[in-house]
Structures are given as structure tokens and as C-alpha cells.
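One gets the numbering used here by counting positions in the sequence shown from 1 and adding 525 to each. In what follows, a single structure is set out as C-alpha cells and then discussed.
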Amino acid sequence: MTDTLVKEIRRLAAEKQAIILAHNYQPPEIQEVADLTGDSLELAIRASKTDARVIVFCGVHFMAETGATLCPDKRVLLPNPNAGCAMADMLTADELREAKAALPGVPVVTYVNSTAEVKAESDICCTSANAVQVVKSLGTPEVLMVPDRNLALWTQRHTSQKIHHLEGYCPVHDNLTAAAVAEARRAHPGAVVMAHPECPPEVIDAADVVRSTSGMLAYPGESDAGAFIVATETGLLHPLAKRYPQKRFYPASADMVCADMKLTTLADVRRALETGEPAVTVPEPVRVKALRAVERMIAVPR
Ligand code: 13P
Ligand code: SF4
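Here is the structure:
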């Protein structure tokens with residue numbers, strides 16, 4: 526059944542001139558059927574460069590919105606329209622306008638895990654892969670980073686610029702505790718702990734390395750260690766095990782599952798290709814302003 530679905534998806538993708546992008550947290554079968562997998566930044570850059578007529582974004586709503594922002598001439602599909610992001614939902618454009626009014630003249634750095642309306646109110650975007658470089662590129666004494674307080678607190682460790690932040694967070698990462706990391710270390714002595722900057726400060730303190738999902742995918746190739754504890758959404762374990770079959774990977778906590786990232790099925794992808802729905806669009810006045818912030822981010826060297 527799965528084989529048949531995969532063949533149909535590949536046939537339809539060719540017929541419709543579609544590219545299938547999948548985030549590193551997607552279920553293994555979705556990552557396998559995709560043309561390209563990656564972190565938020567890689568997928569945004571790839572979306573901006575593709576010749577395809579249709580982009581099937583296997584991820585969550587804000588990622589498809591970023592695709593639609595970058596590629597107004599393409600049809601951007603989110604195969605499961607219910608795939609949202611709890612963190613992106615924590616900040617509205619009105620709330621950001623209020624925060625900006627309290628910090629006049631301070632530039633706003635917005636994590637891509639946000640709505641297009643929030644991006645449109647921002648000076649520049651960032652991802653977990655380039656947050657420090659983006660903040661430093663501004664060269665201002667202060668910045669306001671939204672919506673993720675943990676990403677802001679982690680970035681603050683790497684710059685002398687004053688970082689103001691709001692109180693958004695990713696429930697999947699924010700729930701992880703230093704005690705859970707210590708427990709995983711006891712279960713896997715000698716394993717290197719890799720954590721995502723969306724984790725809270727106590728987990729960052731307990732980690733050996735802090736990386737975006739693509740950074741965590743690269744790190745075992747640079748390390749002599751044979752075992753790793755992975756403090757991010759458990760979807761990343763699939764590409765890690767595939768890329769490094771001789772190494773061992775363990776979740777920091779089996780609870781680190783983003784339900785939204787697991788909603789998309791192969792049947793959803795096939796239906797989206799067949800019907801050209803559901804498409805994600807961004808109203809033009811919002812898109813133009815959000816595009817400025819996303820393009821400014823892409824221009825910052827990694
Ligand atoms: P990255 O893939 O950019 O590390 O983002 C993690 C995430 O939470 C995406 O939803
Ligand atoms: Fe949003 Fe967290 Fe899920 Fe990423 S893992 S989509 S930040 S809720």
C-alpha cells in the first residue's frame with residue numbers, strides 16, 4: 526500500500542511539476558518521499574530558488590506561508606491544513622505592535638516560527654540556524670526578539686547586544702528538563718548531548734552542543750563520539766540514524782513529539798498533488814512586508 530502511494534506521489538509530482546519539501550521533524554515516510562528535507566532556513570532558501578510550479582510543503586502552516594511569501598507565482602500546498610504551530614500562535618501582529626511601541630527604535634528580529642502578519646511587522650527574520658548572525662548583523666545596541674523567549678535567551682549568550690524578548694515558547698522543547706537530560710545521560714553513559722536552542726536555559730546548560738536541526742544533523746560527522754542524546758523533536762532521529770548508521774542516537778525524552786508535525790500522511794500528500802488543494806496564500810500587502818524581513822534574513826551570511 527505504502528509503495529503504491531509513494532509511486533503515485535512521485536508520478537503526480539512529475540506530472541504537476543511539483544517539488545516536495547519536508548521538515549526534519551516530519552514522519553519518516555514523508556521525509557523519504559520528499560525531494561528535499563531540511564531545517565526551516567534550508568527549506569525557505571530552497572523554496573525561493575525552485576523552478577517547480579507547485580511547492581508541496583510538508584511541515585506546518587508558518588513554513589508554507591514562508592514559501593508563499595517567497596514564491597507568489599507558485600502554488601504552495603500544505604497537505605494537512607490542520608498542521609499549525611503552538612509557538613507561532615502565541616503572538617499576534619497586534620501584540621507585536623504593542624511591544625514595538627514600548628521599545629521605540631529597537632529593531633525586531635522575528636523567528637520564522639511566526640505568522641506572515643507578524644513577520645510583516647518585523648525588521649528581519651531569523652531561524653535557529655542563524656539567530657546569532659542575524660542579531661549581530663544589525664549592529665544595534667538593542668534588539669527585540671520574538672516570539673521564542675528560549676531562542677532569545679540562548680542568543681543573548683552569544684552577543685553583547687541587549688536582547689529584549691516576549692514570552693512565547695515551543696511546548697515540545699520548553700517541557701524538557703535538566704533532570705530528564707541527566708536521566709538520559711545515566712542511561713547512555715558517554716553519549717554527547719545535542720540540544721535545540723528552543724530548549725529552556727537549564728537544558729542548554731546541561732547540553733554539550735546547541736544546534737538547529739540541520740546543525741544537529743551535521744555534528745555527528747564532525748565528532749568522534751559514537752552515541753548522542755538528541756534534545757529536540759524525535760522526528761530528527763530518523764535522518765540521524767540514516768546518515769550515521771554506525772552511530773547511536775537516543776531521544777532526550779520520548780515525550781518530545783510535535784503532534785502538528787506528525788499530522789501529514791502520504792494520503793494527504795497524494796490528495797494535495799491530485800487536487801492542488803489546500804493552498805496557502807498571504808494577502809499581498811502583508812506578503813510584501815513579510816518578504817522584506819525574510820529576504821533580509823536570507824542575505825545574512827550563515
Ligand atoms: P529548525 O528546523 O529551524 O531547527 O526549527 C525547529 C522547529 O521547531 C521547526 O518547527
Ligand atoms: Fe511549533 Fe514546536 Fe512544533 Fe516546531 S516543534 S512546529 S516550534 S510546536
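The beta-carbon is built from N, C-alpha and C at its ideal position, and this holds for glycine as well. Fair warning: this is a prediction, and the values are worked out from it, not measured in the lab.
Contact with chain D by residue i, beta-carbon distance below 8 Å
{"i": "A641", "result": "Annotation note: the requested chain D is absent from the structure, which comprises a single protein chain."}
Proximity winner among the options, relative to residue i (alpha-carbon distances)
{"i": "L546", "options": "F753, L798 and A709", "result": "L798"}
{"i": "T790", "options": "L628, A645, V585 and V805", "result": "V585"}
{"i": "A756", "options": "Y636, L537 and P725", "result": "P725"}
{"i": "G751", "options": "R736, D780 and V718", "result": "V718"}
{"i": "D749", "options": "L616, P629, I544 and Q771", "result": "Q771"}
{"i": "P604", "options": "F587, F582, E623 and D598", "result": "F582"}
{"i": "A656", "options": "G630, S565 and K541", "result": "S565"}
{"i": "R821", "options": "S647, E567, P553 and A618", "result": "S647"}
{"i": "P553", "options": "V807, T759, R536 and K687", "result": "T759"}
{"i": "T652", "options": "P629, L628, T680 and V668", "result": "T680"}
{"i": "E645", "options": "L678, A618 and V668", "result": "One point to set straight first is that residue 645 is Ala, not Glu, in the sequence displayed. Nearest C-alpha to A645: A618."}
{"i": "L762", "options": "L568, R682 and Q556", "result": "Q556"}
{"i": "V813", "options": "A641, T527 and D730", "result": "A641"}
{"i": "Q686", "options": "V634, N638, S639 and E620", "result": "V634"}
Where residue i sits in the DSSP three-state scheme
{"i": "A559", "result": "coil"}
{"i": "L691", "result": "coil"}
{"i": "Y744", "result": "helix"}
{"i": "E802", "result": "coil"}
{"i": "E723", "result": "coil"}
{"i": "H548", "result": "strand"}
{"i": "D730", "result": "helix"}
{"i": "V735", "result": "strand"}
{"i": "T652", "result": "coil"}
{"i": "A750", "result": "coil"}
{"i": "A792", "result": "helix"}
{"i": "L663", "result": "helix"}
{"i": "V825", "result": "coil"}
{"i": "L701", "result": "coil"}
{"i": "T898", "result": "As shown, the chain starts at 526 and ends at 827. That puts residue 898 outside it, with no answer to give."}
{"i": "L709", "result": "Note on residue identity: the sequence assigns Ala, not Leu, to residue 709. Residue state, collapsed to three classes: helix."}
{"i": "V819", "result": "helix"}
{"i": "V643", "result": "helix"}
{"i": "V668", "result": "strand"}
{"i": "A543", "result": "strand"}
{"i": "T680", "result": "helix"}
{"i": "V631", "result": "coil"}
{"i": "V755", "result": "strand"}
{"i": "V813", "result": "helix"}
C-beta atoms of residue i and residue j nearer than 8 Å
{"i": "A654", "j": "S739", "result": "yes"}
{"i": "C650", "j": "A818", "result": "yes"}
{"i": "L602", "j": "I580", "result": "yes"}
{"i": "H713", "j": "Y769", "result": "no"}
{"i": "V706", "j": "V728", "result": "yes"}
{"i": "M615", "j": "P672", "result": "yes"}
{"i": "Q828", "j": "R578", "result": "No answer is possible for residue 828: it lies beyond the span of the chain, which begins at 526 and ends at 827."}
{"i": "P828", "j": "T665", "result": "In the structure as shown, the chain starts at 526 and stops at 827, and residue 828 therefore has no counterpart that could be examined."}
{"i": "Y694", "j": "M588", "result": "no"}
{"i": "G746", "j": "R600", "result": "no"}
{"i": "P606", "j": "L676", "result": "no"}
{"i": "V558", "j": "V811", "result": "no"}
{"i": "V805", "j": "A593", "result": "yes"}
{"i": "L701", "j": "M786", "result": "no"}
{"i": "T684", "j": "V659", "result": "no"}
{"i": "A777", "j": "A709", "result": "yes"}
{"i": "I544", "j": "D528", "result": "no"}
{"i": "M670", "j": "H690", "result": "yes"}
{"i": "L621", "j": "V637", "result": "no"}
Distance cut-off 7 Å: residue i Cβ against heavy atoms of the ligand NAD
{"i": "N675", "result": "This structure lacks the ligand NAD; the ligands present are the ligand 13P and the ligand SF4."}
Under 5 Å, CB to any heavy atom of the ligand 13P. Which residues pass, going along the chain? D564, S565, T652, S653, S737 and T738
Report the residue ranges of all alpha helix (DSSP H) runs contained in full by the stretch 597-629; include only those spanning at least 4 residues, in chain order. 618-627
Ignoring anything shorter than 4 residues, give me the alpha helix (DSSP H) runs that lie fully in the stretch 563-601, in order along the chain. 565-574 and 586-595
Which residues are close to the ligand SF4, meaning CB closer than 7 Å to any heavy atom, in chain order? Y550, V585, C610, A611, M612, A613, N638, C695, P696, V697, H698, E723, E758, C783, D785 and M786
Start-end ranges of the alpha helix (DSSP H) lying completely within the stretch 758-787, minimum 4 residues: 762-768
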